[in-house]
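Undergrad: Take this structure first; my questions come after.
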Amino acid sequence: MTDAQGGPALGPTLSEWISARDETERHLAQAAGSPVDAEWVQRLSDLLATERSWQDQYTDLLALGSAGGQFPSSNR
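Numbered by full-length UniProt numbering, the letters in the sequence shown go through residues 1 to 76 in order.
Structure, rendered in structure tokens:
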């Protein structure tokens, strides 16, 4: 997707990243009071991989506008 100026649209990617985070949070909430089994752990792994993928895509898009085309390193 592109924005009105012809560049990449950040909104849809951010929206999908937030959606993935929400889905991960819902999955974590399901564990309260129940045993954690292999299926639950696998689902969490899949959700975290999806969330990480959307985060990477978002930071890559932001990097397009940064000096040198790279997202800056964290100061933390």
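Every residue gets a Cβ at the ideal spot worked out from N, C-alpha and C, and that includes glycine.
According to the Cβ coordinates, are Trp-54 and Ala-20 closer than 7 Å?
TA: Closer than 7 Å, so yes.
Undergrad: State yes or no: is the C-beta of Leu-47 within less than 7 Å of the C-beta of Thr-13?
TA: No, the pair does not count as a contact, with Cβ atoms beyond the cut-off.
Undergrad: Could you spell out the range, first to last residue, of the alpha helix (DSSP H) harbouring Val-41?
TA: First-last of the alpha helix (DSSP H) with Val-41: 38-63.
Undergrad: From what residue to what residue does the alpha helix (DSSP H) around Arg-76 run?
TA: Careful: Arg-76 lies outside any alpha helix (DSSP H) and carries neither H nor E.
Undergrad: What is the DSSP secondary structure of Pro-12, counted as helix, strand or coil?
TA: The answer is helix: DSSP assigns Pro-12 an H, G or I state.
Undergrad: Check whether the Cβ of Ser-66 lies closer than 6 Å to any heavy atom of the ligand SAM, and answer yes or no.
TA: Looking at this structure, you won't find the ligand SAM or any other ligand, since it has none at all.
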